[in-house]
Amino acid sequence: MVRQGVRGVITLIVALCSMPVLSQTANFASLNLSPGFSPSQGQVSGHTGGAYSLSSIANSDRNNDPCIGFGDPTPDHLMVLEANFPSLTIGVNTGGKDTTLLIQFPNNQLLCGDDTGSNKDASITAQNWPAGTYQIWVGAFEGGQRWDYTLTAVE
3 MVRQGVRGVI
13 TLIVALCSMP
23 VLSQTANFAS
33 LNLSPGFSPS
43 QGQVSGHTGG
53 AYSLSSIANS
63 DRNNDPCIGF
73 GDPTPDHLMV
83 LEANFPSLTI
93 GVNTGGKDTT
103 LLIQFPNNQL
113 LCGDDTGSNK
123 DASITAQNWP
133 AGTYQIWVGA
143 FEGGQRWDYT
153 LTAVE
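If you count by our numbering, then the sequence shown holds residues 3 to 157, one letter each, in order.
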């Protein structure tokens with residue numbers, strides 16, 4: 003009886019200690035950026051896919067823009083900013099497929115993006131990006147669409 007209790011406590015401790023690590027995983031490569039980063043440091047690739055509605059994370063972002071599209075429950079990318087950035091643009095390039103973006107800031111605020119002008123690929127341009135780890139979801143407007151993409155960060 004005591005052995006089972008000890009095993010249970012050890013299992014619980016291991017599970018609780020691993021939770022922050024589990025929440026900091028992504029499906030594809032991460033971006034680690036410092037001011038003045040090179041273009042190649044600001045690019046990663048992946049593919050859309052999944053039936054998870056990104057509006058399940060939030061219906062709208064801090065600007066009341068809708069969070070739409072379908073992807074995976076796990077973020078596609080992590081972006082670690084080593085310092086504050088006054089301005090960044092995060093964009094998706096699939097060659098014109100209908101993509102969406104959802105970016106969760108370190109303070110849990112969200113930015114969501116859809117079409118960029120007449121282009122169906124999503125992008126987000128914003129000011130005041132504090133240092134920290136960001137979670138990025140790249141979605142497709144319709145569920146189950148699988149498109150290869152390049153995600154690009156530009157100062």
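Even for Gly, the Cβ is constructed at its ideal location relative to N, Cα and C.
Check                                                                                                          : Outcome
Contiguous beta strand (DSSP E) assignments of at least 3 residues, all confined to the region 64-118          : 79-83, 87-95, 101-106 and 112-115
Sequence-distant residues of its chain with Cβ nearer than 7 Å to Asn121 (five each side left out)             : Gly98
Cβ neighbour criterion (16 or more within 10 Å) applied to Ser125                                              : buried
Pro132 classed as buried or exposed, judged by whether at least 16 other C-beta atoms fall within 10 angstroms : exposed
Delimiting residues of the beta strand (DSSP E) encompassing Ala2                                              : Residue numbering for the chain in the displayed model covers 3 to 157; residue 2 lies beyond these limits and cannot be assessed.
Helix, strand or coil at Gly52 according to DSSP, with G and I counted as helix                                : coil
Val94 and Asp117 closer than 7 Å at C-beta                                                                     : no
Three-way DSSP call (helix, strand, coil) for Phe143 in this model                                             : coil
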